[in-house]
Amino acid sequence: MLDHNTVARFEALDTPFYYYDLELLQKTLASCKVASDKYGFHVHYAFKANFNERVLKAIQQIGFGADCVSGNEVKKAIEIGFDPGKVVFAGVGKSDREIIEGLENDIYCFNVESVQELGIINDLAAKRGKTARVAIRINPNVDAHTHHYITTGLEENKFGVNQWELKTCVEELRKSSNLQLIGIHFHIGSQITNLDIFKSLCVKANELSQWFEEHGFQLQILNVGGGFGVDYYNPDESPVNDFESYFEIFNKFLERKPNQEVHFELGRALVAQCGNLISRILYVKNGLKKNFLILDAGMTELMRPALYQAYHKIQNLSADKNAETVKYDVVGPICESTDWLGKEVELPLSKRGDLVVLRTAGAYGQVMASGYNLRDIVRSEYSS
Ligand SMILES: *Cc1c(COP(=O)(O)O)cnc(C)c1O
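Using our numbering, read the sequence shown as starting at 275 and increasing by one per residue.
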């Protein structure tokens with residue numbers, strides 16, 4: 275919570291920094307755990323959303339697996355203590371080195387994104403006398419109705435195998451003696467808040483799972499990916515996602531064979547709300563058409579607005595709540611015109627030195643920090 279004491283603590287600290295509310299993280303994880311356990315669902319955390327060690331440790335301790343998209347994420351997961359038997363590895367461009375590391379660590383599953391990749395994994399596994407467990411990531415052509423930069427499940431996207439390629443996949447699998455097909459995998463996009471979209475995914479997944487059965491493959495797992503969105507506009511009203519409704523959709527609409535497992539890969543929904551970017555106002559610039567607040571944090575600390583016009587709620591933590599409000603464009607110090615954090619943000623009259631928070635910044639925030647303009651990489655602070 276950003277209560278009075280917390281803000282007083284911030285006053286004494288150098289800015290900018292990410293502030294993690296570990297109690298809120300714990301609450302979110304517990305809620306997701308209870309809701310998924312109810313149906314015997316398996317949750318893997320999507321590492322790319324946030325790889326802060328204290329965050330990772332909390333997630334490992336609650337018993338979730340890890341969903342990785344690079345060899346270094348696989349290594350990190352194992353270092354932190356995730357069971358390699360709960361590590362899955364997706365990614366449209368896995369290098370040979372990364373595949374070998376996955377094989378040597380006996381990870382649970384490679385989520386394979388092309389026919390060619392099947393052949394490469396088979397060869398690398400054969401050389402080591404191993405059998406690789408694989409799931410085919412299928413592009414189900416389901417529109418996630420999210421920002422076009424974060425849609426991944428349409429035929430025009432680079433991710434996954436398209437449905438007309440499945441026959442070739444099956445032929446490749448039949449001649450690959452070092453591959454074991456254990457399931458099918460989907461991930462249609464991110465920040466999906468309309469649960470009907472997951473219903474459409476279930477319908478498509480049922481069809482495709484049936485298709486594999488008909489072609490003689492018994493699938494142990496159906497992996498439906500992640501993408502569950504959070505409320506960027508009202509972080510205080512919905513600090514913890516409604517995991518119950520989310521999992522209920524899959525329980526209701528996803529057809530399972532006896533003993534077939536359902537796997538999820540949640541990133542944003544687990545970590546977005548517990549993270550905040552804390553910054554200070556360096557300058558207030560009043561123009562003819564616009565007023566600018568220039569912060570000591572920008573796209574090098576939080577790239578989401580520059581990258582996909584993302585909204586983050588911005589609050590002034592120092593200003594008098596009852597002061598008159600002004601509309602500001604909130605920008606960073608980086609030499610790029612896209613370096614903005616909020617447009618036309620209504621805030622109480624603000625001044626140099628005021629503390630500002632960017633809310634809901636725990637997912638795809640700090641992990642995208644860069645050293646552009648030779649800036650320091652932003653650090654972390656914690657609630658406890
Ligand atoms: C990014 C990603 C996820 C997590 O997405 P969220 O929207 O953060 O839940 C899950 N699976 C795969 C394959 C991903 O690339």
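Built from N, CA and C at the ideal position, the CB exists for glycine as well. Computed from a predicted model, the values in this text were never measured in an experiment.
Here the stretch 402-421 does not lie against the stretch 344-351, with fewer than 3 beta-carbon pairs under 8 Å apart. Taking 8 Å as the cut-off, the Cβ atoms of residue 565 and residue 514 do not count as close. In the three-state reduction of the DSSP assignment, residue 397 falls in the helix class. When C-alpha distances from residue 541 are compared across 388, 636 and 445, the shortest belongs to 636. Within the chosen limit of 7 Å, ligand 1 does not reach the beta carbon of residue 489 with any heavy atom. Residue 400 sits close to residue 452, with the two beta carbons spaced by under 8 Å. Taking residue 304 as the centre and dropping the five residues before and after it, the same chain places the C-beta of 336 closer than 8 Å to its C-beta, in chain order. Burial is judged here by how many other beta carbons sit within 10 angstroms of a residue's own beta carbon; residue 532 has fewer than 16 and is exposed.
The Cβ atoms of residue 553 and residue 569 lie closer than 8 Å to each other.
Non-local C-beta neighbours of residue 520 in its own chain, meaning closer than 6 Å and more than five positions away in sequence, comprise 502, ordered along the chain. Under the three-state reduction of DSSP output, residue 559 falls in the strand class. A straight line joining the alpha-carbon of residue 444 with that of residue 326 spans about 39 Å. In the DSSP assignment, residue 485 falls within the alpha helix (DSSP H) that extends over 470-488. Between the C-alpha atoms of residue 468 and residue 403 there is a straight-line separation of about 45 Å. A heavy atom of ligand 1 is found nearer than 7 Å to the CB of residue 500.
Bounds of any beta strand (DSSP E) do not take in residue 544; it lies within the alpha helix (DSSP H) bounded by 542-545. Closest in alpha carbon position to residue 355, among 430, 588, 328 and 365, is 328.
Taking one beta carbon from each stretch, the stretch 567-581 and the stretch 374-394 have fewer than 3 pairs nearer than 8 Å; the two do not touch. When secondary structure is reduced to three states using DSSP, residue 415 falls in the coil class, being assigned neither helix nor strand. Collapsing the DSSP output to three states places residue 352 in a helix. For residue 486, the CB contacts under 6 Å within the same chain, skipping 5 residues up- and downstream, are 493 in chain order. Residue 538 and residue 556 have their C-alpha atoms spaced approximately 42 Å apart. Of the residues assessed, residue 561 falls on the exposed side of the cut-off, its CB having fewer than 16 other CB atoms within 10 angstroms.
Of the residues assessed, residue 597 falls on the exposed side of the cut-off, its CB having fewer than 16 other CB atoms within 10 angstroms. A direct Cα-to-Cα measurement between residue 488 and residue 342 gives close to 30 Å. Considering only 333, 277 and 311, the residue with the shortest C-alpha distance to residue 320 is 333.
The secondary-structure analysis by DSSP pairs residue 306 with nothing; it has no beta-bridge partner.
Straight across, the Cα-Cα distance linking residue 651 with residue 340 is about 25 Å. Within a 10 Å sphere around the beta-carbon of residue 616 sit 16 or more other beta-carbons, which makes this residue buried. Relative to ligand 1, the beta carbon of residue 464 is positioned inside 7 Å of a heavy atom.
Judged by DSSP secondary structure, residue 335 falls within the alpha helix (DSSP H) whose first and last residues are 327-336.
According to the DSSP assignment, residue 374 belongs to the alpha helix (DSSP H) that extends over 370-378. The closest CA to that of residue 647, considering only 394, 417 and 610, is found on 610. Here residue 609 carries a coil assignment [DSSP, helix/strand/coil].
In the assembly as shown, residue 634 is a buried residue. Its beta-carbon has 16 or more other beta-carbons within 10 Å.
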